[in-house]
Structure formats: structure tokens, C-alpha cells
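Inspection log for the structure reproduced underneath, given as C-alpha cells.
In our numbering, the protein residues as written are 204 to 291.
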């Protein structure tokens, strides 16, 4: 969802660097995968086509934080629910 982002903090030889990967358009999402010493963060479309990819050595990753986009709050959510009728 647009607004989803992942923040990656890495060790850069005595210093730290922070990278942010964000879903920039509606319908895109940010996926995180890891394996074989690599952490991969990918922005993908609805169809699964990768748009941007960032790869980090997992030994250098200090923190990986996922920030989901704020979901809309519906005020009408507290309305009473009408029960369904059972058929005979």
C-alpha cells in the first residue's frame, strides 16, 4: 500500500547509515526477504513486478523496521450490526 516503508540501519565500518525504501504509488507494496547472507527489500507492483530493489549483507544489518502506512479510520464502525435471518 502506498506509504508502507522499511527502514534499514547498517554498520558502515564504525559508522551507521540508514536507508528507507517506500512504496511510492498506490497499489505498490514493500517486500522483505532474507537468505544466504543477504537481506533484500523490494518495492513491487500489484502484479508482482519488482520496481526497485535494495540488497544488504545480513552481517552488516543492525536493524530492520517495517512501518505500515496509516490505515483510514471509519467512524461508522460502531454502528449496531443487524443479525442475519436463518431460513427454515
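Note that CB positions come from ideal geometry on N, CA and C, so glycine has one too.
Note on geometry: alpha-carbon atoms of residue 256 and residue 242 lie some 10 Å from one another. Put simply, the backbone Cα of residue 235 is about 24 Å away from that of residue 218.
The alpha-carbon of residue 249 is positioned some 31 Å away from that of residue 262. DSSP places residue 266 in the strand class (E or B) of the three-state scheme. Straight through space, the alpha carbons of residue 287 and residue 230 are spaced by roughly 34 Å. C-alpha of residue 258 to C-alpha of residue 251: approximately 18 Å in a straight line.
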